[in-house]
Structures are given as structure tokens and as C-alpha cells.
Amino acid sequence: FGHITEAKALDQGGEAVVYRLSTTPSTPFPLCAKVFNLNFVYPHHISSDLENEARINQNLYEAGISVPRPVGLFRLLSPVFSSSVPSFVRECIDGRTYDQLFPWQKEKAVKLFEEERLKAIELGFIPRDCYPTKNCLYTVKGWNVKRFTLFDFSFWRRT
-6 FGHITEAKAL
4 DQGGEAVVYR
14 LSTTPSTPFP
24 LCAKVFNLNF
34 VYPHHISSDL
44 ENEARINQNL
54 YEAGISVPRP
64 VGLFRLLSPV
74 FSSSVPSFVR
84 ECIDGRTYDQ
94 LFPWQKEKAV
104 KLFEEERLKA
114 IELGFIPRDC
124 YPTKNCLYTV
134 KGWNVKRFTL
144 FDFSFWRRT
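Here the numbering used here is used: the sequence shown runs in plain steps of one and ends on residue 152.
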């Protein structure tokens, strides 16, 4: 990988945008990159914020919490910006938001969310800006919710 494949974002929050990355046949899983909105975050904060998010994602992944597999921090070429930008690269998860679930799937979704959130708290993390309806995806097989994935750790801290 090495560049953002399209200017259209997969997801956009208040402070960052997530883009799909180009891959090759040897890439073991789909990738995406989180790029901070340069208009929102002062440039000198970008590196430390990305490093913090990458570190928390790595710690959670190693502890078996359901999060995307982290790859690392890189500078990537972007069609949106005129130069390369600091980016946090990780596995791209295909899933549904809470609002996209059917009503009968939502109870299981909340249960999965609480299980993973409590595991993170037991490990000493303070999850912030994290709700069943925000900053997570649900993988559905058939009619059942099978997996829950946390994906935004911008405001998380560790005790």
C-alpha cells in the first residue's frame, strides 16, 4: 500500500476522516487509514494524537478486544491533500452501524458492545466517546449479529 485510493471517505468524524487504501494480492487483509482533518487539529498535535490512538488500538488488539488489526503509522499520499499526510493504518472492517441493524438484532448488539467495553475497562482503559450507536461496527451473518468491533480511540486513555 502507499496511497489513498479515492477521495471519498469511508467514514468522517469531527476530527478525522477514514479512507480505504490500495492493496496488492499479497496484502493479507483490507486496509484503511485514519487521517486527521488538518483544518480541525493543529498540525503539531497530529503525530501525538495518532501515536496515542495507534498505541491504544495495539494494546486492545493484543489483549483480545474486538478491534481492527493495527498496521502502523505512515505518511500516505492523498488525492485530497497536496502532499503526504500522517496516517494511522489498520484493518478495514466491513460492518453495519447500530442504526443499520434490524430491531431484533439491536439487543444482541448492545450485549456484545457491553462485553467488549467491560473487558477494556478491566484492562485499565477509560473508553470515551464510545456507545453502541457510535464508533463501532457490527458484523452480521444471516440474521444474527456475530461480531462487534470498536474502532475509534481518539479520546480513550489508560489509567
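We put the CB at the ideal spot given by N, CA and C, even for glycine.
Predicted model only: the values in this text are computed from it and were never measured.
Between residue i and residue j, how many whole angstroms is the CB-CB distance? I'm expecting something under 8 Å.
{"i": "Pro23", "j": "Thr17", "result": "In fact, because the Cβ distance is near 12 Å, the residues do not count as touching under 8 Å."}
Leaving out five residues before and five after residue i in sequence, what residues of the same chain have Cβ atoms less than 6 Å from its Cβ?
{"i": "Thr132", "result": "Gly88, Lys139 and Arg140"}
Can you list, in chain order, the residues of its chain whose CB lies under 7 Å from that of residue i, leaving out five sequence neighbours each side?
{"i": "Pro156", "result": "Summary: the structure shown does not reach residue 156, with the chain confined to residues -6 through 152, and so no result is reported for it."}
Which residue comes first and which comes last in the alpha helix (DSSP H) that contains residue i?
{"i": "Ala193", "result": "In the structure as shown, the chain starts at -6 and stops at 152, and residue 193 therefore has no counterpart that could be examined."}
{"i": "Lys127", "result": "Here Lys127 belongs to no alpha helix (DSSP H), and DSSP marks it neither H nor E."}
{"i": "Pro18", "result": "Per DSSP, Pro18 belongs to no alpha helix (DSSP H) and is neither H nor E."}
{"i": "Arg68", "result": "Counting along the chain, Arg68 falls outside any alpha helix (DSSP H), though it belongs to the beta strand (DSSP E) covering Pro63 to Leu70."}
Please report how far the alpha carbon of residue i lies from the alpha carbon of residue j, in whole angstroms.
{"i": "Asn45", "j": "Leu130", "result": "21 Å"}
{"i": "Ala113", "j": "Ser77", "result": "33 Å"}
{"i": "Gln215", "j": "Ile86", "result": "With the chain running from -6 to 152 in the structure shown, residue 215 is simply not present."}
Decide if residue i is buried, meaning its Cβ has at least 16 other Cβ atoms within 10 Å, or exposed.
{"i": "Arg110", "result": "buried"}
{"i": "Leu69", "result": "buried"}
{"i": "Phe146", "result": "buried"}
{"i": "Ser59", "result": "buried"}
{"i": "Asn137", "result": "exposed"}
{"i": "Thr142", "result": "buried"}
{"i": "Pro61", "result": "buried"}
{"i": "Ser80", "result": "buried"}
{"i": "Asp42", "result": "buried"}
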